[in-house]
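Chemist: Numbering (the numbering used here), first residue to last: 3 to 183.
Handing you this structure, nothing more for now.
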């Protein structure tokens, strides 16, 4: 799957149809969240095994890392971010500082081996896992399914663009969204 390109994605505003598709194809049910989060991380670790070094707590489990409490926790943490994005899809202005802040917090993982190109691995994993989910939904017709895949891929790009901005600013000790005092 080729990576999607959207001009000025940082200022992307989904239209009403796209917002409704996002909400309709999302679920806050635990099983859905866990499966999606697991799928995202398994894709990442499969396509870039070096990413696993960012999670030293998984190493002690050897090949059974997928069954660990730590992995489940991390898988859920990532999709809870996506859940916040979907909840605020009608308030895009709230999302930029939220996602930027997550990017800022990832600066502390640079010492553990976090590399800037890992953002693309996360984007690819989100796109892949969400596209798989969209294609499994029986209540969408072919057109809606295609549209849903496109809007989720665009949302993944939007999410990563803002996280990357926060990360790169954080490395330079810049914070364009400082917390309110």
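Idealized CB from N, CA, C, for every residue including glycine.
Leaving aside the five residues before and after residue 136 along the sequence, list all residues of the same chain whose C-beta is less than 8 angstroms from its C-beta, in chain order.
Modeler: Correct list, in chain order: 27, 142, 147, 150, 151 and 154.
Chemist: To the nearest angstrom, how far is the alpha carbon of residue 112 from that of residue 16?
Modeler: So the two alpha carbons sit approximately 32 angstroms from each other.
Chemist: Are the stretch 18-32 and the stretch 56-71 touching, with three or more C-beta to C-beta distances below 8 angstroms?
Modeler: No, they do not touch.
Chemist: Going straight from the alpha carbon of residue 29 to that of residue 88, what length do you get?
Modeler: Near 10 angstroms, if we compare the C-alpha coordinates of residue 88 and residue 29.
Chemist: Would you say residue 72 and residue 55 are within 8 angstroms of each other, going by their C-beta atoms?
Modeler: Against a cut-off of 8 angstroms, the Cβ pair of residue 55 and residue 72 comes out as no contact.
Chemist: May I have the straight-line CA-CA distance separating residue 181 from residue 48, to the nearest angstrom?
Modeler: One C-alpha to the other measures close to 36 angstroms.
Chemist: Is residue 178 helix, strand or coil when you go by DSSP?
Modeler: Residue 178: coil per DSSP, three-state reduction.
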